[in-house]
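Report on the following structure.
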Amino acid sequence: AIEAADAMTKAAEVRLIGRQFVGGGYVTVLVRGETGAVNAAVRAGADACERVGDGLVAAHIIARVHSEVENILPTAVTV
């Protein structure tokens, strides 16, 4: 996850806002930014996952988040 987060923040203008341990060795990394930048960051993070481990399990990008959802998403680093 560290390698992916590093690649994501270097590849595009995104803010790293957190990571969550999901269980079973899986980690979720959360970033925020413009949709195009987030797409580029996720691609870079996926490539990093392939280089250092078993690869990316899943990715999901939410463009134009509804205000109700926005209220529950973290906005600052939560590590």
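With the sequence shown counted from 1, adding 5 to any position gets you the working numbering.
Positions of the beta carbon are idealized from the N, C-alpha and C atoms, including for glycine.
Computed from a predicted model, the values in this text were never measured in an experiment.
Classify residue 29: buried if its beta carbon has 16 or more other beta carbons within 10 angstroms, exposed otherwise. Here the question's residue 29 lines up with position 24 in the sequence shown. It counts as exposed.
Check whether residue 36 and residue 10 have beta carbons under 9 Å apart: Counting from 1 along the sequence shown, the entry for residue 36 is found at position 31. Counting from 1 along the sequence shown, the entry for residue 10 is found at position 5. Cβ atoms of residue 36 and residue 10: closer than 9 Å.
Excluding five sequence neighbours on each side, which residues of the same chain lie with their C-beta closer than 7 Å to the C-beta of residue 19? Along the sequence shown, one-based indexing puts residue 19 at 14. Around residue 19: 13, 36, 37, 38, 42, 43 and 46.
In this structure, what does DSSP give as the bridge partners for residue 33? Counted from its first residue, the sequence shown places residue 33 at position 28. Under DSSP, residue 33 shares a beta bridge with 25.
Where DSSP assigns a beta bridge to residue 20, which residues make up the other side? Along the sequence shown, one-based indexing puts residue 20 at 15. 37.
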